[in-house]
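Number of protein chains: 6
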Amino acid sequence: MTRSIRTHVLSDEAVAKLKTVSTATITSQLNKRGLRNTFLAGIYPLRPDLRMVGYAFTLRYIPAREDLADELYDNTRNVQRLAVEAIGPDDVLVIDARGEIAWGATLGNILGTRIKVRGAAGIVTDGALRDTPAFKEIDLPTYIRAPHATSSFVIHHPVEMQTPIGCAGVAVIPGDILVGDGEGVVAIPARMAEEVAHAAYEQERREEFIQQKIAGGASILGVYPPNEETLAEYEAWLQTNEQ
Amino acid sequence: MTRSIRTHVLSDEAVAKLKTVSTATITSQLNKRGLRNTFLAGIYPLRPDLRMVGYAFTLRYIPAREDLADELYDNTRNVQRLAVEAIGPDDVLVIDARGEIAWGATLGNILGTRIKVRGAAGIVTDGALRDTPAFKEIDLPTYIRAPHATSSFVIHHPVEMQTPIGCAGVAVIPGDILVGDGEGVVAIPARMAEEVAHAAYEQERREEFIQQKIAGGASILGVYPPNEETLAEYEAWLQTNEQ
Amino acid sequence: MTRSIRTHVLSDEAVAKLKTVSTATITSQLNKRGLRNTFLAGIYPLRPDLRMVGYAFTLRYIPAREDLADELYDNTRNVQRLAVEAIGPDDVLVIDARGEIAWGATLGNILGTRIKVRGAAGIVTDGALRDTPAFKEIDLPTYIRAPHATSSFVIHHPVEMQTPIGCAGVAVIPGDILVGDGEGVVAIPARMAEEVAHAAYEQERREEFIQQKIAGGASILGVYPPNEETLAEYEAWLQTNEQ
Amino acid sequence: MTRSIRTHVLSDEAVAKLKTVSTATITSQLNKRGLRNTFLAGIYPLRPDLRMVGYAFTLRYIPAREDLADELYDNTRNVQRLAVEAIGPDDVLVIDARGEIAWGATLGNILGTRIKVRGAAGIVTDGALRDTPAFKEIDLPTYIRAPHATSSFVIHHPVEMQTPIGCAGVAVIPGDILVGDGEGVVAIPARMAEEVAHAAYEQERREEFIQQKIAGGASILGVYPPNEETLAEYEAWLQTNEQ
Amino acid sequence: MTRSIRTHVLSDEAVAKLKTVSTATITSQLNKRGLRNTFLAGIYPLRPDLRMVGYAFTLRYIPAREDLADELYDNTRNVQRLAVEAIGPDDVLVIDARGEIAWGATLGNILGTRIKVRGAAGIVTDGALRDTPAFKEIDLPTYIRAPHATSSFVIHHPVEMQTPIGCAGVAVIPGDILVGDGEGVVAIPARMAEEVAHAAYEQERREEFIQQKIAGGASILGVYPPNEETLAEYEAWLQTNEQ
Amino acid sequence: MTRSIRTHVLSDEAVAKLKTVSTATITSQLNKRGLRNTFLAGIYPLRPDLRMVGYAFTLRYIPAREDLADELYDNTRNVQRLAVEAIGPDDVLVIDARGEIAWGATLGNILGTRIKVRGAAGIVTDGALRDTPAFKEIDLPTYIRAPHATSSFVIHHPVEMQTPIGCAGVAVIPGDILVGDGEGVVAIPARMAEEVAHAAYEQERREEFIQQKIAGGASILGVYPPNEETLAEYEAWLQTNEQ
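Residue numbers (the working numbering), protein chains in the order written: chain A, 852 to 1094; chain B, 852 to 1094; chain C, 852 to 1094; chain D, 852 to 1094; chain E, 852 to 1094; chain F, 852 to 1094.
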């Protein structure tokens, strides 16, 4: 498969909600559904001011081998280049770079610009990007483990796109929903994402109420987690604050 | 012990001085007193603009085990929650998380808010915090190894508070004085802290003088470390600049 | 050797060009010349706003041993101090600290100030610096693996200056040209640096053109890497934009 | 608590069975009961020829601090020494050394001999032991992360015995059953251990049958995991091979 | 692809030679052909007494996700089980486990037995195996990073077989020739393997001669690497020792 | 300096004693003299059956750089080869390989044979050796961090011999005494070694007595460390067992 994958399409409302809730809240919802390992550990945003929501478009690298290098200079055979020209609007390019950050990057800012122009929603890798100062100027959410100035072909060889991968210790299946905030990135299984979006939004409303009580001096006892009294209070608050 | 511990109470003057001196200067004073390992390595401030001075209130986690999880939902048995409701003004919550940052956090921003409201002076962990974007909005010094969106109970089980712990490679005894700046956190043994505060302050005055000479073009020879002539010059400068 | 080393002196034009091109572009030029390992991995700038170009002045540390500590208090025998007083204008102090960041720093801000006053172009280490908040106030490019408040003598013993070293996984020979930007630091072998400076500058002009085309909606096919048509277009653009 | 802890005492039959089943089989039984993290990762046996079964007797170390060192020379105050004289028959000393193997050991062979004489069933640490060549001569199962010749007091300070700890990434509660074979060590929660012992023994009988079929040329289909036909065959085999 | 892959079939003579030459010699031959990264770093043989030569049969794991676990219990859908029943004589199963050794294994001894019965030449993984004591009893070369008693499904999810993978930092393409000795494993690109086999054999004959000279007291000057005189001597020796 | 260095020559008796005492005992003697970091962490013997005592002959590698490779093929310029032909009887070759074990070795068995023939006492590196199966056949103590089949020139470039280095985290000065046993290697500063040899021997006699008491059932109280009574008993035992 070499195109965008949408095993489940999110409603506009779900997308809007996922753009406001934190990745922390989303992991709580996924925990409730039995998933414990959904946050991509050890990567950080180059643009913490931007929010990211999109569909996983995966790309997998293996260690470079010198006799395979020829095809990397041919845009019609280099899988990385094919992926860049296949990615579509609202896709997030997720690159499995085996956590490699010592010898080279996975991509630079010219390809990053092309990805942006094609309408993608972001780039995520457990390896490095190069040209990171320039990447900070592109309005595209990007998440990396480290910067590295050296070209990807020194250490990586792209082999596949749109197959299941591991990235930063987490399974990512093409079409999964990736959400990013200033903390990092969470991968939501495609079939759960609509439901999680709404539930996370509800959870954050309740936690906003709880947070206000705590900030106002309440003990956590009976409040966090909320007992029945607090929940009733919340319901009342909700009606008052509802638009 | 489940309350604030003050084996030695600092004078107001010492607290004020510790808020101005650098952690680097404090480690030098501790080195002079024979302590070589007092700086918590590999953690960084979420709020480098804030200074932290407070008494260590320790909390210890072990790896989570599924059959122990029940008590985590009960605020009267979960040691983490008991600690949050036991911490007092000027305490620094120090969490021994075994350096774990791959699978989950140690605490989130609702508990962080409660800790702030209770008057605590800061939070320090060699693990992760979650809701770090929200934490940056709380006026509370926080020091972490990494952000992680996932709840603590996935990987951690709190077992004890106010016992001696290791945190980021350093021994922390309840009641020790923890000082934080933009560089990180240093742990001062309680019984030395008053003396160290004054000595560090004096050292910084002298180094301010030295720094001015160096910035003005002096060689380090005879100046850093200072010989007798430079020390005499410093004494004169001190009298001129004394208020 | 205990003075600045200039096996090859850069022209003013080359220096000026190296101050504008990215470390990413320089690694590409070095790759073309057969060098794959020239970017110092895992270190970051304390001052990402400053550009660095200078000649490598190397300093090598070994693990501290208590019976060797005496000479560290003597500026006429401590190799670190001798290096600080030997470094000259446009030199970059590069410290091989074996990647150690857990137990202490390599240098603090008073020595950093002296290095700045002597006209040096920057400081690079694969270990830590102390007084990093103060370092951020000195207008000197500095690249480190981590901050650490503790004095260097706790863990390091300086043994040599101006010999070949490894730093952050890369060979650095005295007199090599070190270039730093917001991404990090690249080491250019002295004899290649003049040529690389000009070639990198040319490459960036061409990539500026390519980047504009990509940003304007062009596919990478035929454009990146450029085919003959694109190259011809570039030549035309170059004449139009030439001053 | 400073004595052996037996929250649940194993029957002789359970002990005998635990001495024959593999740690792999035990983790399978614990997985079935919802526990996924019970094998102490990254440690190995100094004596792979010995089997270990015993009750966890825990000991916890924090990083050494020079001003606390005095008590280490006093057998009536040093918690490590108190633990050695408190450990009883069939106990396994489990030392939380925070995974530290770079700077010193946790114990040497004279204390190891005393532990053996007191009837203990083994020693387990996620740190180092010293005198490992001598340890190989003691008939006591020992599991370590690495050897290190240096005395524990250089890097460790013992603070507590018989409290819950983490060791090699796994929760260990005093009284838990620790089982070791040539592969490593598994920690069984005390209240499950009797049941797990019997179930593991049954599992291994079935797997012995399956293994024989596979070794004889059977496909895994229908055999591993076994379908009803295979299970019926197994029951027949069991009766034939029963004593 | 779910069967053995033979892009290039080795002659019997080449197989025989590869069984005698060291992995060190093979990497030298690959270096001469421009390949620098062919030895799988950080893995070791469970059976250092056995030699391994075979064709790469690859299997790729990603991090486990709880909602995907169902298929793991179905031998007709679990890719790991399909691979075990697809592997053929002289294949080497090479498992990309992302270097994971902290949470679980990749395979146990029942599947290992089946692999052996099917005629496979070995098993290689950059993760763990379980039942390693039992594996040592199977006459099958196995190479691992560490033992771990826990079942693979706790941390791994198999997704593909017979696609290019990275294993222990090295590219492995299905059909590549894997050679193992007491030092470890080298991956030879399929199309080079026949030639490398013969060249490695020749190199070892020459080095046997050199080794004898060195052992007999010769300096390395002129001998290693050999000058013309030594080469002539070698040619003479060769004729004398030829059968 | 390119020859064996003997800043202090050991007496025959000291050499003989150092061949019997453990590295653990030696570190204790060095601790008493204020040295805490003398054991080379994380390396292991290829030949645990052999004891090693010799004088440090150091060799330092930096990361390889392609444009420096030419000199590696010239035995008159390659510092590694010069070192092999300069090392003398009772020297121990100690190679600073920066802990690198992922990309290549530091030396192979032909050079190892030459080192043996020249009378050297051993080889120690914090990197890898290649041809480790063959090394096990040479009667030469060798200590490594890992095996790696690939030639050193892929990742290392030798630059200096007989200068102070760090190896496995420990300072090694040319002429230091290196002692190795089945546990690993300790570096003794040259000027202390004679004294340490005798003191370690005495310590082991006393500990032999203590060990016998402990093995016979004595508590550690009053025995380890010994009180006056035990010391008197020891003196008596000593006279009885003296020859």
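Beta carbons are placed, not taken as given, at the ideal position from N, Cα and C, and that holds for glycine.
This structure is a prediction, so every number in the text was calculated from the model and none was measured.
| Check | Outcome |
| --- | --- |
| Is the number of C-beta pairs between the segment 954 to 962 of chain B and the segment 858 to 865 of chain B that are closer than 8 Å three or more? | no |
| Under 7 Å, CB to CB, which of the residues in the segment 1011 to 1026 of chain F have a partner in chain E? | none |
| What number of angstroms, rounded off, separates the C-alpha of residue 1071 of chain D from the C-alpha of residue 1002 of chain E? | 17 Å |
| Within the 9 Å Cβ cut-off, does residue 895 of chain C reach chain A? | yes |
| Any beta-carbon of chain B closer than 9 Å to the one on residue 1037 of chain A? | yes |
| Taking the continuous beta strand (DSSP E) assigned at residue 1007 of chain C, which residues delimit it? | 1007 to 1012 |
| What is the residue span of the beta strand (DSSP E) that residue 1030 of chain C lies within? | 1028 to 1031 |
| Would the beta-carbon of residue 942 of chain D fall within 9 Å of that of residue 977 of chain D? | no |
| Residue range of the beta strand (DSSP E) that residue 843 of chain E falls in? | Nothing in the structure corresponds to residue 843 of chain E, since chain E is present only between 852 and 1094. |
| Is the beta carbon of residue 933 of chain C sitting closer than 9 Å to the one on residue 1022 of chain F? | no |
| In the DSSP assignment, find the unbroken alpha helix (DSSP H) run with residue 984 of chain E in it and report its ends. | 983 to 986 |
| Excluding the five sequence neighbours on either side, which residues of its own chain have a C-beta within less than 6 Å of the C-beta of residue 923 of chain B, listed in chain order? | 929 and 1004 |
| Could you work out which residues of chain E lie near residue 999 of chain F, taking near to mean beta carbons separated by less than 7 Å? | 890 and 892 |
| Helix, strand or coil, according to DSSP, for residue 957 of chain E in the structure here? | coil |
| Between D:900, D:975, D:949 and D:986, which has its C-alpha nearest residue 870 of chain D's C-alpha? | D:900 |
| To the nearest angstrom, how far is it from the Cα of residue 875 of chain B to the Cα of residue 1015 of chain A? | 47 Å |
| What separation, rounded to the nearest whole angstrom, lies between the Cα atoms of residue 1040 of chain D and residue 858 of chain D? | 10 Å |
| What are the partner residues of residue 863 of chain C, as DSSP defines its beta bridges? | Residue 863 of chain C is not bridged to any residue. |
| Specify, as a first and last residue, the run of the alpha helix (DSSP H) that residue 877 of chain F falls within. | 874 to 883 |
| Restricting to Cα atoms, I'd like to know which of E:1057, E:1050 and E:1055 is closest to residue 883 of chain E. | E:1050 |
| Over the uninterrupted beta strand (DSSP E) stretch that includes residue 890 of chain E, give me the two end residues. | Taken as a continuous stretch (DSSP letters only), residue 890 of chain E belongs to no beta strand (DSSP E), as it is neither H nor E. |
| Check whether the segment 901 to 909 of chain A and the segment 1023 to 1043 of chain A touch, using three or more Cβ-Cβ pairs below 8 Å as the test. | yes |
| List the residues of chain D that residue 882 of chain F touches, going by C-beta distances under 9 Å, in chain order. | 1001, 1002, 1004 and 1005 |
| Can you name the residues of chain F whose CB is closer than 8 Å to the CB of residue 1076 of chain E? | 924 and 926 |
| Contact defined as beta carbons within less than 8 Å: I believe residue 1017 of chain C pairs with residue 949 of chain F. What is the distance between those atoms, to the nearest angstrom? | 6 Å |
| So is residue 1087 of chain A buried or exposed if we call it buried at 16+ other beta carbons inside 10 Å? | exposed |
| Taking the alpha-carbon positions, what's the residue 881 of chain F to residue 873 of chain A distance? | 55 Å |
| Run through chain D and tell me which residues come within less than 7 Å of residue 921 of chain E, C-beta to C-beta. | Simply none; closest approach about 13 Å. |
| Output, in chain order, the set of chain C residues within a Cβ distance shorter than 7 Å of residue 988 of chain A. | The premise fails here: residue 988 of chain A is roughly 11 Å from chain C at the closest Cβ pair, so nothing lies under 7 Å. |
| Who pairs with residue 1051 of chain A in a beta bridge, going by DSSP? | Beta-bridge pairing links residue 1051 of chain A to no other residue. |
| Can you check whether the CB of residue 855 of chain D is closer than 9 Å to the CB of residue 974 of chain D? | no |
| Can you tell which of D:1059, D:990 and D:1019 has its C-alpha closest to the C-alpha of residue 898 of chain D? | D:990 |
| List the endpoints of the continuous beta strand (DSSP E) containing residue 871 of chain A. | Unbroken run through residue 871 of chain A: none, as it is neither H nor E. |
| By Cβ distance, which residues of its chain are closer than 6 Å to residue 970 of chain A, with the 5 residues on each side in sequence left out? | 940 |
| Are there 16 or more other CB atoms within 10 angstroms of the CB of residue 960 of chain F, so buried, or fewer, so exposed? | buried |
| Taking DSSP's pairing of strands, which residues face residue 976 of chain B in a bridge? | B:946 |
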